[in-house]
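Asks: Using the numbering used here, the letters of the sequence shown correspond one by one to residues 21 to 584.
We treat Cβ as the ideally placed atom computed from N, Cα and C, and that holds for glycine.
Note that the coordinates shown come from a computational prediction; the quantities given were computed from them, not determined experimentally.
Here it is, the structure in full.
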Amino acid sequence: GGEAMQVTDLPLDVGSFRVAPHGDRIALGLEVFRDCPDLACTKKRLDEKGKASGKVYDRLFVRHWDTWGDGRNTVLYSAPLDAEHHAGAPVSLSGSLDGDVPSKPFGDKDDYRFSPDGSKIAFSLRVAGKTEAWSTNFDIFEVPAAGGQAPRNLTADNPAWDGKPAYSPDGHTLAYVAMDRPGFEADRFHFVLMDVATGKKRTLADNWDRSVAEYQWAPDGKSLYVGADDVGQHRLFSVDSASGKVMPVTGPGMVTGFDVQHGTIVYAQANLASGAQLFKMSAGSPQATQLTHLNEELLKDVRFGEYEQFSFAGHDGDKVYGYVVKPWNAQPGVKYPIAFLVHGGPQGSFGNEWGYRWNPQTYAGAGYAVVMIDFHGSTGYGQKFTDAISQDWGGAPLEDLQKGLAAAVEKYSWLDRGRACALGASYGGYMMNWIEGNWADGFKCIVDHDGVFDTRSMYYSTEELWFNEWENGGPYYKVPAKHEKFNPANYVNNWKMPMLVIQGDLDFRIPTTQGLGTFTALQRQGVESKLLVFPDENHWVLKPANSVLWHHTVLDWLDQHLKK
């Protein structure tokens, strides 16, 4: 309680922060020009806008996600806090390194942490240099919290990704997550525990075939609590810090955040029919108590579609999982048109979760049945399953989608296969373009959001080159045949199905030219098509009014082809 008080008074915006355990110091992420001697220099340079708008670059990234580079790095600083909690002059901790803490564009304060006594900070950083755009080599560094010494690289022996450092409660152990394969962003994140005194490292729970997403030490240091994708769920697990034994903590659903204090676990969990609610349980107990009932009154008269997970034999006979969702008003003996949703990533999942983009209940609420397949390449089914999509984008995944839809139609009599539209974004959008040329007359209509159209131009215009190089076996100029093998642009002569194309003009991951190429191929051949462009959106549609337009346009497209 009490009145809020200002802690910092800096000329620059604070991007992220973390307070030391004893409250005597604060760590800050600030965007600065590294050649500036102080923060005021960065502020002055930003304020002195020249008459010319051009920028000169001599290395990648030129732009990243939705932002053009301006020469600044996010540098980690620390500042002392006095008895009144006012911050003193900040000192740079990572400024000697060419990189960002937190990392751009999605890094946060999980990229750095204080030791329990507040004397040290561990942080993760990728040294940029000339290779940043095709490197996933993040390392863990340690530095005195008060500065004065150069950061020490603790993971120089691993050329792959090391991240999310966290000290044990007694300060004797530093945990972090690591990958084994350089250049592969969807490799399995596993635990490494390092003895702080000796530097000796050991891998924890190496036989657990799941990838660590988020984690926290238990207060007694005897275990770590971990969130991970798991067969269409995102569960909370506990991992014994000595033996590596893994135990599930939560049941079906998606855990979206958690905290562990004083023997109590508080977590947020959602599912396909409910947004996140807070729950609590005692550590070691299977019984959870729901703490919040948000929007219960608002939703008391709202009916959501019933959902069910199913499985079938997919590519190579492997067991593949999916979900079906009934229309909200489903009646016995009635068949319903299908919205066939294909997830992006491609190393991702359409699981038992609640989302504010691509929510299947949107379609169930409009009278559609929904089918979603976690094809080869999806996460939560073991690393071998995730690996299967690399260099096979249009192979096993398409087979899984075809077999999965057929299996769902056979199992659920209320699905009307004769009235189906397919929808997808990112890799799902790529798959829409691939389906157009390789699944003849598969659907009454297609919706492609920010999907790859031409793998050649995609390689030379996207920003994170490591992704395309891993997924296609190398740079385009070295292995063009591998990039071309599953290139939708090579099959446009087969395109016949009506398609709605959606593109965010600030999408630098899958640039606007990909959506324009798709629409051009459709229009030039006389294929029924529409193009919806958002000049102010990136890879995602995030602004409320734009989201409303997106959903109205998509549902109108489905209604036009499935209900009229």
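Would you identify the three-state DSSP class for Y480, choosing helix, strand or coil?
Replies: Looking at Y480 - three-state DSSP - the assignment turns out to be helix.
Asks: Go to N566, then tell me how far its alpha helix (DSSP H) extends in each direction, as first and last residue.
Replies: N566 -> alpha helix (DSSP H) spans P564 to L582.
Asks: Going by DSSP in three states, E548 sits in which element: helix, strand or coil?
Replies: Three-state DSSP puts E548 in coil, outside helix and strand.
Asks: Give a yes or no on whether the C-beta atoms belonging to V76 and T62 are separated by under 8 Å.
Replies: No.
Asks: Which same chain residues end up closer than 6 Å to T532 when comparing Cβ atoms and leaving out the 5 residues on each side of it in sequence?
Replies: Correct list, in chain order: Q523 and D525.
Asks: Using a Cβ-based criterion (distance less than 7 Å to any ligand heavy atom), does W374 qualify as near the ligand ATP?
Replies: This structure simply doesn't include the ligand ATP, nor any ligand for that matter.
Asks: Short of 8 Å in beta carbon distance, which residues of its chain neighbour D240, apart from the five on each side in sequence? Order them along the chain.
Replies: Within the same chain, D240 has close Cβ partners P189.
Asks: Is the Cβ-Cβ distance between G138 and A103 less than 8 Å?
Replies: Cβ atoms of G138 and A103: not closer than 8 Å.
Asks: Residue range of the beta strand (DSSP E) that G444 falls in?
Replies: Start and end: L435 to A445.
Asks: Taking the alpha-carbon positions, what's the A359 to V345 distance?
Replies: If I take the Cα positions, the gap works out to 10 Å.
Asks: So, for P100: in the same chain, excluding its five sequence neighbours on each side, which residues have a beta-carbon less than 6 Å away from its beta-carbon?
Replies: Excluding sequence neighbours, P100 sits near R45 and G108.
Asks: Could you pull out every residue in the same chain whose Cβ sits closer than 8 Å to the Cβ of S302, ignoring the five residues on either side in sequence?
Replies: Contacts found: G283, T284 and I285.
Asks: How close, in whole Å, do the beta carbons of V472 and Q534 come, if the pair is a contact with beta carbons under 8 Å?
Replies: 6 Å between Cβ atoms; contact.
Asks: Quick test of your reading: G295 and W374, contact by CB under 8 Å. State the CB separation rounded to the nearest angstrom.
Replies: With a Cβ gap of about 5 Å, G295 and W374 count as contacting.
Asks: Cβ of G391 within 8 Å of Cβ of G342?
Replies: The identity of residue 391 in the sequence shown is Val, whereas the question assumes Gly. It is a contact, given that the beta carbons lie within the stated cut-off.
Asks: Can you grab the Cα-Cα spacing for the pair V568 / E430, in whole Å?
Replies: If you take the alpha carbons of V568 and E430, they lie about 34 Å apart.
Asks: Here's the rule: buried if 16 or more other CB atoms are within 10 angstroms of the residue's CB, otherwise exposed. What is R133?
Replies: Under this definition R133 is a buried residue.
Asks: Determine the closest residue to T406 out of L174, D249, E557 and V216, with distance taken between C-alpha atoms.
Replies: When each option's Cα is compared against that of T406, the closest is D249.
Asks: Which of the three DSSP states, helix, strand or coil, is assigned to W515?
Replies: Coil, per DSSP.
Asks: For C465, list the residues DSSP reports as bridge partners.
Replies: Paired residue(s): C441.
Asks: Which of the three DSSP states, helix, strand or coil, is assigned to A426?
Replies: Helix.
Asks: For L552, which residues in the same chain have their Cβ closer than 8 Å to its Cβ, ignoring the five residues on either side in sequence?
Replies: Cβ neighbours of L552 beyond the five flanking positions: L520, V521, I522, Q523, L569, W570 and T573.
Asks: Under the three-state reduction of DSSP, which class applies to T382: helix, strand or coil?
Replies: Three-state result, T382: helix.
Asks: Cutting at 6 Å between CB atoms, please list the residues of its own chain near W180, excluding the five before and the five after it.
Replies: Inspection of the sequence shows that residue 180 is occupied by Ala rather than by Trp. Taken in chain order, the residues that qualify are M199, D200, R201 and P202.
Asks: So, is T309 buried or exposed, given that buried needs 16 or more other C-beta atoms within 10 angstroms?
Replies: Looking at its Cβ environment, which holds fewer than 16 other Cβ atoms inside 10 Å, T309 is exposed.
Asks: Is the CB-CB distance between E12 and R83 below 8 Å?
Replies: Beyond the ends of the chain as shown, which are 21 and 584, falls residue 12; an answer cannot be given.
Asks: Taking 8 Å as the limit between beta carbons, can you name the residues of its chain near C441, skipping five residues before and five after?
Replies: Excluding residues within five positions, the ones whose Cβ falls inside 8 Å are P357, I358, A359, F360, F463, K464, C465, I466, V467, W577, L578, H581 and L582.
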